[in-house]
Structures are given as C-alpha cells and as structure tokens.
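With the numbering used here applied, the sequence shown has no gaps in its numbers, which climb one by one up to 306 at the end. Where is the CB? At the ideal position from N, CA and C, for every residue including glycine. Since the structure is predicted, the reported quantities are computational estimates derived from the model, not experimental observations.
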Amino acid sequence: MSAPGTVYIVGAGPGDPELITVKAMRRIQTADVILYDRLASKELLEYARPDAELVYCGKAPGSHAMPQEQINRLLVDNALNGKQVVRLKGGDPFVFGRGGEEVMALAEYGLPYEMIPGITSAIGAAAAAGIPVTHRDYASSFACVTGSRCHGDKSPVRWDLLAHGVDTLAIYMGVSQLPYIREELLKHGKPPSTPVAFIERGTTSRQRTITGTLADIHKLAEAVQLRNPALIIIGEVVTVREQLLRAEQQALSHAQALIG
Ligand code: SAH
C-alpha cells in the first residue's frame, strides 16, 4: 500500500482572494484534490494544477449540498489513496467552519493533516468596513458568536452574559435570527442605542455596509434586504466607521474649497 497523502485544512480568508496566506496558496498550487466550500473565493481555484480534481462541498443556507459525514469520508478516502488534499474553507476553518470535526475524522484514521489558518470574516469584514473590533476608547474585548444556535443546542449562546460581558459582538450566521438576537440583548439590558453594523459580502467587490442601532436593526435589515453572507457587529466601535467617513468628507470638502 502507498503512503497516505496529507490533508491540508486551509482557510481561504474572508472573501477577497488576495487575503489568503502564502502557505495556503502554495498548498492550492500543488494539491491533487481540492474540496472547496461555497464561501471560499472561486478565483482561488484558478491557481490549482490543471489536472487537480475540484470537488464542491458547499452548503447554501437551508440546503445541504453535501452532508458533513460524506465530506469527512472523501477526505479520508483521498488521503488513504495517497492524494495530497486541500480542504478549502471560507474565513478560518476552526471558526464556525466544522474544521474541528474534519481533523478529528482524519486523526481517527491516523492520517497526516496540517491546519492552515485564515483570516476569519469577522476580523476581515469589520476591518474592510472601517470598524476596529477593539479600540482604546470603546472596546477592550470582542466575541465571535453564532446567531444560528438558539434553541435546544448542546452549547447555546449565552446572550444574557454577552449583553454585559463583552464590548464588541461579531455575530456570524445571524441574519435569519436577527429579531430573536435583538430581543435577547435588549431583554438582558443592552441599551437600545447601541450602534450596530451589517457587513454583507465583506472584503469583496460587492461589500455593502449598513449602520443603525439595536433599537431598529430588525426593521433596517428588512428594509435593505440584508442577505447572507453577512456579519453583524454590535458595539460602540461601530461609531469609528462613522467618524472615519465624516473625516473623509471633511477632507474632501477642504480639498474642493482649495481648488475653488
Ligand atoms: N469559517 C468562516 C465562517 C463560516 S460561518 C469564517 O471564519 O469566517 C458562515 C458565516 O460567516 C456567514 O453566515 C456570515 O455570517 C459569515 N461570513 C463569511 N464570509 C463573510 C463575508 N465575506 N462577509 C460577511 N460575513 C461573512
């Protein structure tokens, strides 16, 4: 039997293909097989070898393209067949990416793997929208939270603690649960005036950023027809974006006045 191949669990970054790491790119260029997700930029596949096998494993919300067990099976089988495999996932594979389940499946078979981290979308999208997740004046902590785990899950989100214990909340997969998340945070004492930003398709050429407050986010999301993938940032740091925009506007007016 030939030696098993290595599986590289690779973070593609938040959307802009150029935000991938050098290490991840090298693995893409040499892989025999690439199993990729919906949120990993398709442009990255152009760097694959012409003879590489490309397998789509993506899941659109509400429809499961390929069950997780089948993905794990494909990773294991390809590695057992001596293939160098890249498992390409959006953002960072270990942040709401089920990368932990995949490495456990590989470890069970004693197969070699390497984890290559990526920029998670909360960090990438917030940065691209001019929102620092921490700031000396506004936030000394931030949390990455899933909005989709609400009722009856093994580790439910503690909105009661998050409402008080963390300055900036970055909520993934929160679009459909927005009214519930808002209600929970308000119920547990988060002020309705807390600033909120939605960042849709962050870091891509189609990025859209909308800001409001906790009081009106559910109405705002409906009005602007907020769509996935979108990040919800809640906290005073959102005002930094507004300050940056104001400063830019002022600089522009100043320049225009100088030109006459
Ligand atoms: N592993 C990924 C997260 C996967 S969960 C990461 O580290 O980023 C999928 C969720 O991530 C989406 O529902 C959305 O909330 C968020 N997301 C992923 N890409 C995004 C992007 N370009 N802009 C905004 N949110 C994004």
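Any heavy atom of the ligand SAH closer than 6 Å to the CB of residue i?
i	result
Tyr218	yes
Pro275	yes
Gly46	No statement about residue 46 is possible, as the shown extent of the chain runs from 47 to 306 and does not include it.
Arg247	yes
Ala125	no
Ala171	yes
Thr166	yes
Asp138	yes
Pro225	no
Leu85	yes
Gly146	no
Pro60	yes
Please name the residue, chosen from the options, that lies closest to residue i on a Cα-to-Cα basis.
i	options	result
Ile177	Leu260, Gly281, Gln223 and Lys236	Gly281
Asp262	Thr240, Gln130 and Gln253	Thr240
Val221	Phe188, Val122, Thr214 and Leu266	Leu266
Phe188	Thr214, Cys103 and Leu208	Thr214
Gly258	Arg247, Thr249, Asp183 and Val283	Val283
Gln130	Gln295, Ile217 and Ser48	Ser48
Ile169	Ile245, Ala70 and Arg228	Ile245
Val242	Leu260, Val141 and Arg254	Leu260
Gly143	Pro237, Ala175 and Ile55	Ile55
Gly156	Leu126, Phe140 and Val179	Leu126
Ile227	Arg247, Val203, Glu268 and Val79	Val203
Pro30	Pro237, Asp183, Gly164 and Val149	In this structure the chain extends from 47 to 306, so residue 30 is not present and cannot be described.
Ile279	Pro237, Glu229, Thr255 and Ser299	Thr255
Tyr93	Gln295, Ile80 and Gly57	Ile80
Asp78	Lys69, Gly51, Glu89 and Gln271	Gly51
Leu290	Ile162, Gly104 and Ala175	Ala175
Lys69	Ala216, Val132, Ala293 and Ala173	Val132
Within 10 Å of its beta-carbon, does residue i have 16 or more other beta-carbons around it, so buried, or fewer, so exposed?
i	result
Asp206	exposed
Pro60	buried
Thr76	exposed
Ser186	exposed
Thr249	buried
Ile305	exposed
Gln223	buried
Thr180	exposed
Gly145	buried
Arg247	buried
Arg72	exposed
Lys236	buried
Val141	buried
Val122	buried
Ser251	exposed
Ser167	buried
Leu357	In the structure as shown, the chain begins at 47 and stops at 306. Residue 357 is therefore absent and cannot be evaluated.
Leu298	exposed
Shorter than 7 Å from the beta carbon of residue i to some beta carbon of chain B?
i	result
Leu232	Here chain B cannot be found, since the structure has a single protein chain.
Practice item. Decide if the stretch 186–197 is in contact with the stretch 260–276; the criterion is three or more beta carbon pairs, one per stretch, under 8 Å apart. Key: no
Review point. Between the stretch 82–94 and the stretch 135–153, are three or more C-beta pairs nearer than 8 Å?
Key: yes
Review point. Taking three-plus beta-carbon pairs below 8 Å as touching, is the stretch 94–106 in contact with the stretch 61–70?
Key: no
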